[in-house]
Amino acid sequence: MKADPDDIPEPDRVPGAPHPRHTDRVIGQDRAIAEFMDAAQGGRLHHAWLLTGPRGVGKATLAWAIARWMLGTGSFGTTDTPEARRIAALSEPRLHLVRRPWDDKAGRLSAQITVDEIRRLLSFFHLSAAEGGRRVAIIDAADDMNPNAANALLKILEEPPADALILIVAHQPAGLLPTIRSRCRTLRLLPLDPTRMGNVLAHLGIDDDAEALAALSDGSVGEALRLAGQGGLDRYQQLTELMSTLPRLDRPLAAAFAEGAAGRAGVDGDPFDLTMTVLDRFLARTARAGLMGAPLPQAARGEGALLARLSPDDTAARAWADAQARLSARARTGRAVNLDPAALVMDMLIELAHLPPARSAPPAKG
Numbered sequence: 000m001k002a003d004p005d006d007i008p009e010p011d012r013v014p015g016a017p018h019p020r021h022t023d024r025v026i027g028q029d030r031a032i033a034e035f036m037d038a039a040q041g042g043r044l045h046h047a048w049l050l051t052g053p054r055g056v057g058k059a060t061l062a063w064a065i066a067r068w069m070l071g072t073g074s075f076g077t078t079d080t081p082e083a084r085r086i087a088a089l090s091e092p093r094l095h096l097v098r099r100p101w102d103d104k105a106g107r108l109s110a111q112i113t114v115d116e117i118r119r120l121l122s123f124f125h126l127s128a129a130e131g132g133r134r135v136a137i138i139d140a141a142d143d144m145n146p147n148a149a150n151a152l153l154k155i156l157e158e159p160p161a162d163a164l165i166l167i168v169a170h171q172p173a174g175l176l177p178t179i180r181s182r183c184r185t186l187r188l189l190p191l192d193p194t195r196m197g198n199v200l201a202h203l204g205i206d207d208d209a210e211a212l213a214a215l216s217d218g219s220v221g222e223a224l225r226l227a228g229q230g231g232l233d234r235y236q237q238l239t240e241l242m243s244t245l246p247r248l249d250r251p252l253a254a255a256f257a258e259g260a261a262g263r264a265g266v267d268g269d270p271f272d273l274t275m276t277v278l279d280r281f282l283a284r285t286a287r288a289g290l291m292g293a294p295l296p297q298a299a300r301g302e303g304a305l306l307a308r309l310s311p312d313d314t315a316a317r318a319w320a321d322a323q324a325r326l327s328a329r330a331r332t333g334r335a336v337n338l339d340p341a342a343l344v345m346d347m348l349i350e351l352a353h354l355p356p357a358r359s360a361p362p363a364k365g
């Protein structure tokens, strides 16, 4: 039985925020916009662009703005033209979107972009070639491609179709094939500074938690909106309180936190993805504390003192950074093979409890 289209989440949309194709303004990325425009207007438009930078800083928003401009809206930010409306409705014949598909049989989004999706992209270029003119493809995000899909994309990049522009969104470009990266021109987007983040969040009606959201999202408006819309700050507070029980991990608290990762992804978000996000941020901030001191502002009550205890020096920082990389890879593998989310998260928490820095006891209460 096919799912109702209205109930199918879009994998490239942040819950609680409009899809990037409906957003008419790219915030805080004037340098990246200028770099692309200079190349396009100067006759140096490369056939493939790799849009990189942290998740949620506007990469997809910029890709859709470029698509609107390239396909004839006449303005970089305009969304109120026939072409822009077709693009927003995904009915523009000169544009093709590659993203994780919906699996009707499993009743959920596919964990990866498969080779079939890249074959559909190749068919799009073949079928649209007869119409002439510029064609644009957006891949969001390349991080989701499995190896076969990556190899199929490489073949397209090696022999690019005429008049094709391929915009590839990548959150962690180092994970892509070096040959893919070498055939693209990189356009790097940077996180927003704290002042700009605060202004943007205030403009979006987020005032009370703006400071904590700005700290936890690392200058990413998209991440701040996602965390705000999915209760991310509450999840991060739960994790902080759980990690404060180290070196003796509170098993009931850990089990409750792990259970919060279960549940089916929907239009309001993915519990497992949110859990891995807050865990990844905690590990990153803990590693940073060993090198630079506890980060300010705090993203949770008691976070500063906890990070100072768990990561007092550069040796501890390396241990937490290694754990971040290791657990991130395990999360991707676990999702790909459909491991039980709660069990996977519980295993990760137990591993963290055995890190040498985590064994240091909390200070005695007076």
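In terms of numbering that gives the first Met the number 0, the sequence shown opens at residue 0 and continues consecutively.
A virtual CB, placed ideally from N, CA and C, is assigned to each residue, including glycine.
Check	Outcome
In terms of residues, what are the limits of the alpha helix (DSSP H) holding H202?	193-202
Flag this pair as touching only if the stretch 159-169 and the stretch 132-150 have three or more C-beta atom pairs under 8 Å; answer yes or no.	yes
Closer than 8 Å is the cut-off here; do at least three beta carbon pairs connect the stretch 332-341 with the stretch 302-322?	no
Considering only their Cβ atoms, is the gap separating K58 from L212 smaller than 9 Å?	no
Taking 8 Å as the line, does the beta carbon of A169 fall inside it for any heavy atom of the ligand PLP?	What this structure holds is no ligand at all, so the ligand PLP is not there to describe.
Count the C-beta pairs between the stretch 182-202 and the stretch 231-249 that are closer than 8 Å, then say yes if the count reaches three, no if not.	no
Does DSSP put H95 in a helix, in a strand, or in coil?	strand
What does the alpha-carbon distance come out to for the pair T178 and N150?	10 Å
Where do the N-terminal and C-terminal ends of the beta strand (DSSP E) with V135 fall, by residue?	134-139
Mind reading off the beta-carbon distance from L306 to T285? Whole number of angstroms is fine, and I expect it under 8 Å.	5 Å
Tell me whether the beta-carbon of Q111 lies closer than 9 Å to the beta-carbon of R99.	yes
Under DSSP, the alpha helix (DSSP H) around L49 begins and ends at which residues?	It is not in any alpha helix (DSSP H) - L49 instead sits in the beta strand (DSSP E) that spans 47-51.
Looking at C-alpha atoms only, which residue of L215, C183, D217, L224 is the closest neighbour of A201?	L224
In whole angstroms, give me the CA-to-CA distance for F371 and L238.	With the chain covering only 0 through 365, there is no way to say anything about residue 371.
Taking the CB atoms as reference points, tell me whether P340 and L309 lie closer together than 9 Å.	no
Look at the alpha carbon of H21 and the alpha carbon of A87, and state the distance between them as a whole number of angstroms.	6 Å
Along the beta strand (DSSP E) that carries L374, what are the first and last residues, could you check?	It is not possible to answer for residue 374, since the shown part of the chain is limited to 0 through 365.
Hey, could you find the ends of the alpha helix (DSSP H) R331 is sitting in?	313-335
By Cβ distance below 7 Å, which residues in the same chain neighbour T60 in space, the five residues on each side in sequence not counted?	P19, T22, V25
With R43 as the anchor, note down where its beta strand (DSSP E) starts and where it stops.	Segment: none, R43 is in no beta strand (DSSP E) and carries neither H nor E.
What does the alpha-carbon distance come out to for the pair L241 and L348?	9 Å
From P8 to L44, what distance separates their C-alpha atoms?	33 Å
Determine, using beta carbons only, whether F124 and P160 come nearer to each other than 9 Å.	yes
Measuring CA to CA, which of P246, H170, G301 is closest to D143?	H170
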